[in-house]
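*Asks:* Numbering (the working numbering), first residue to last: 2 to 342. Positions of the beta carbon are idealized from the N, C-alpha and C atoms, including for glycine.
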Amino acid sequence: MAISPTDLFAVVPRENSVRPDFQCYNRSHAGNRNALKEGGFMETAKRDLARLIFAAIAAAGCGLAQGPAPAPAKAQEKHVRDFRAEQPQASIYASAVCQAARTDGYRRSSNLHRVDDATLEPDLSSLMAKSDEVILGSTMRGNISVLSPSGEYAVEYIDVKVLRTWKGSHQVGDTVTFGLPDADVLCASRGANAAGISPEGNVVSPWWNGRQPGFGTFTAGGDWGGFHSGPLLLFLRHSQGSEAQHIEGLRLTGGDGVEGMFDFSPLRVTSAEFHACRGDSVRDVATCNEVLSADDLPVSLPYHRGPLFEKYNGTPTFAFLQEVQSVAASLGYAEKSAPSK
Numbered sequence: 002m003a004i005s006p007t008d009l010f011a012v013v014p015r016e017n018s019v020r021p022d023f024q025c026y027n028r029s030h031a032g033n034r035n036a037l038k039e040g041g042f043m044e045t046a047k048r049d050l051a052r053l054i055f056a057a058i059a060a061a062g063c064g065l066a067q068g069p070a071p072a073p074a075k076a077q078e079k080h081v082r083d084f085r086a087e088q089p090q091a092s093i094y095a096s097a098v099c100q101a102a103r104t105d106g107y108r109r110s111s112n113l114h115r116v117d118d119a120t121l122e123p124d125l126s127s128l129m130a131k132s133d134e135v136i137l138g139s140t141m142r143g144n145i146s147v148l149s150p151s152g153e154y155a156v157e158y159i160d161v162k163v164l165r166t167w168k169g170s171h172q173v174g175d176t177v178t179f180g181l182p183d184a185d186v187l188c189a190s191r192g193a194n195a196a197g198i199s200p201e202g203n204v205v206s207p208w209w210n211g212r213q214p215g216f217g218t219f220t221a222g223g224d225w226g227g228f229h230s231g232p233l234l235l236f237l238r239h240s241q242g243s244e245a246q247h248i249e250g251l252r253l254t255g256g257d258g259v260e261g262m263f264d265f266s267p268l269r270v271t272s273a274e275f276h277a278c279r280g281d282s283v284r285d286v287a288t289c290n291e292v293l294s295a296d297d298l299p300v301s302l303p304y305h306r307g308p309l310f311e312k313y314n315g316t317p318t319f320a321f322l323q324e325v326q327s328v329a330a331s332l333g334y335a336e337k338s339a340p341s342k
């Protein structure tokens with residue numbers, strides 16, 4: 002009995018074909034009796050053979066479908082380049098806050114970032130326990146100020162390389178990006194000339210970095226300050242719920258996003274050591290870790306309030322790193338760093 006490929010597909014009802022998703026079905030053969038009446042033995046034989054072939058294909062597919070579910074994909078992280086691509090200057094220029102800034106001159110956000118003192122952490126142990134990531138980050142690899150998803154705030158995002166880690170999913174050498182709630186954006190389409198005249202021919206108000214209008218979000222009370230180019234010891238957590246309308250992704254763990262950054266200023270090391278703290282290679286990472294572990298210059302906290310600022314601001318770097326290691330060990334977190342040079 003010769004059966005051509007055309008016969009196979011001709012005798013199998015379309016609804017019995019193996020679907021791309023390989024769903025499994027229990028098929029009834031009750032229709033075979035009717036097939037004998039309608040098409041005779043040969044037609045029924047061809048139909049049964051075709052069903053056997055397709056059943057084998059379906060079984061293979063069902064085996065795939067019933068296997069272990071694949072691990073969920075890691076959420077796509079955004080980095081500085083992604084925020085820059087999402088919000089080109091033309092997009093910021095057209096925003097409602099920048100339209101108001103061009104009318105009023107340099108305009109501060111009407112929604113100042115107010116920090117609730119109750120959100121300030123009492124000690125490093127509490128800060129670490131509430132963090133999703135605890136890392137020693139490199140000097141700043143990139144930064145950008147953009148508008149928040151809600152359009153109400155300016156946010157600065159910073160890229161760093163991981164030099165050492167105590168907690169979280171990131172490994173040494175990974176790029177980590179986090180957001181800060183104290184930032185400002187430029188509200189001119191391209192920029193003004195030295196006379197303060199924009200490309201559109203408008204006279205614009207002086208701004209801190211030139212004669213251009215801008216929009217800023219500032220921490221109420223003026224308690225945020227300092228230059229934070231790193232290396233940075235960071236306690237970070239993911240924004241939850243409505244927080245993501247202000248800062249996407251990772252933010253400082255405590256104090257409504259202002260507490261959890263400890264700055265080891267690059268001004269304290271030689272130019273070669275400063276370059277090493279960019280974390281471009283395993284050797285550089287090891288060099289920077291060695292320098293910081295012996296460094297007796299003071300740690301700087303950019304948020305100038307709360308128990309952590311009072312206790313640790315000005316602490317020698319080496320002593321602070323030892324404290325972090327001790328707290329991590331007490332909570333069961335093992336330090337991971339680059340191999341020695």
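Are three or more beta carbon pairs between the segment 146–155 and the segment 228–240 nearer than 8 Å?
*Replies:* No, the segment 146–155 does not touch the segment 228–240.
*Asks:* Quick one: give me the first and last residue of the beta strand (DSSP E) that N144 is part of.
*Replies:* Note, N144: beta strand (DSSP E), G143 to L148.
*Asks:* Are the beta-carbon atoms of W225 and V325 separated by less than 8 Å?
*Replies:* Their beta carbons are not under 8 Å apart, which means W225 does not touch V325 by this criterion.
*Asks:* In or out: S301 buried (at least 16 other Cβ within 10 Å) or exposed?
*Replies:* By the 10 Å Cβ count, S301 comes out buried.
*Asks:* Please say whether S190 and Q90 have beta carbons closer to each other than 8 Å?
*Replies:* In contact: Q90 and S190 (Cβ atoms closer than 8 Å).
*Asks:* Taking A184 and G217 to be in contact with their CB atoms under 8 Å, please state how far apart those CB atoms are, rounded to whole angstroms.
*Replies:* With 8 Å as the limit, A184 and G217 qualify as a contact, their Cβ atoms being about 7 Å apart.
*Asks:* CA-CA distance, S79 and V177?
*Replies:* At residue 79 the sequence reads Lys, which differs from the Ser that was named. Distance between the alpha carbons of K79 and V177: 9 Å.
*Asks:* At the level of alpha carbons, what is the spacing between E336 and L309?
*Replies:* Roughly 22 Å separates the two Cα atoms.
*Asks:* Is Y94 helix, strand or coil when you go by DSSP?
*Replies:* Of the three classes helix, strand and coil, the one that applies to Y94 here is helix, per DSSP.
*Asks:* Label R252 either buried or exposed according to how many other C-beta atoms from any shown protein chain fall within 10 Å of its C-beta, with 16 as the threshold for buried.
*Replies:* With 16 or more Cβ atoms within 10 Å of its Cβ, R252 is classed as buried.
*Asks:* By a C-beta neighbour count over all protein chains shown, 10 Å radius and 16 as the cutoff for buried, is K162 buried or exposed?
*Replies:* By the neighbour-count rule (16 or more Cβ atoms within 10 Å), K162 is buried.
*Asks:* So V283 is in the alpha helix (DSSP H); what residue range does that whole segment cover?
*Replies:* From DSSP, the alpha helix (DSSP H) with V283 extends over V283 to S294.
*Asks:* Using only CA atoms, which one of S139, Q77 and D264 lies nearest to A344?
*Replies:* Beyond the ends of the chain as shown, which are 2 and 342, falls residue 344; an answer cannot be given.
*Asks:* Please report the straight-line C-alpha distance between S331 and T120, rounded to a whole angstrom.
*Replies:* Taking the straight line joining both Cα atoms gives about 23 Å.
*Asks:* State yes or no: is the C-beta of L128 within less than 8 Å of the C-beta of T254?
*Replies:* In this structure, T254 lies closer than 8 Å to L128 by Cβ.
*Asks:* Less than 8 Å between the C-beta atoms of R165 and N290, yes or no?
*Replies:* Contact flag set, yes.
*Asks:* Determine the contact status of P303 and M262, defining contact as a CB-CB distance below 8 Å.
*Replies:* Yes. Within cutoff.
*Asks:* Give me the Cα-Cα distance between S96 and Q246, rounded to the nearest whole angstrom.
*Replies:* Approximately 16 Å between the Cα atoms of the pair.
*Asks:* From what residue to what residue does the alpha helix (DSSP H) around K131 run?
*Replies:* Where K131 is concerned, there is no enclosing alpha helix (DSSP H), given that its DSSP letter is neither H nor E.
*Asks:* Quick check on the burial criterion: 16 or more other C-beta atoms within 10 angstroms. Buried or exposed for E87?
*Replies:* So E87 counts as exposed.
*Asks:* With DSSP run on the structure shown, which of helix, strand or coil describes Y304?
*Replies:* Of the three classes helix, strand and coil, the one that applies to Y304 here is strand, per DSSP.
*Asks:* For A277, collect the residues of the same chain with a Cβ closer than 6 Å to its Cβ; drop the 5 residues on either side in sequence, then sort them by chain order.
*Replies:* Contacts found: D285, T288 and C289.
*Asks:* Hey, quick one: how far does the alpha helix (DSSP H) through F319 stretch, first residue to last?
*Replies:* Taken as a continuous stretch (DSSP letters only), the alpha helix (DSSP H) holding F319 covers T318 to S331.
*Asks:* Mind checking which residues open and close the alpha helix (DSSP H) that includes H276?
*Replies:* Taken as a continuous stretch (DSSP letters only), the alpha helix (DSSP H) holding H276 covers S272 to A277.
*Asks:* In this structure, what does DSSP give as the bridge partners for R82?
*Replies:* Paired residue(s): none; R82 is not in a bridge.
*Asks:* Take the Cβ of P123 as the centre, count every other Cβ of all protein chains shown within 10 Å, and call the residue buried at 16 or more, exposed below.
*Replies:* Result: exposed.
*Asks:* For F228, count the other beta carbons within 10 Å of its own beta carbon; 16 or more makes it buried, fewer makes it exposed. Which is it?
*Replies:* F228 should be labelled exposed.
*Asks:* Count the other CB atoms within 10 Å of the CB of D1; is the residue buried (16 or more) or exposed (fewer)?
*Replies:* This structure cannot settle anything about residue 1, because the visible part of the chain is limited to 2 through 342.
*Asks:* G344 by DSSP, collapsed to three states: which one?
*Replies:* The chain is shown from 2 up to 342; residue 344 falls before or after that span and cannot be answered.
*Asks:* V116 and T220 - do their beta-carbons sit closer together than 8 Å?
*Replies:* Yes, the Cβ-Cβ distance between T220 and V116 is below 8 Å.
*Asks:* Short check: CB of S338 to CB of V81, under 8 Å?
*Replies:* Going by C-beta atoms, S338 is not nearer than 8 Å to V81.
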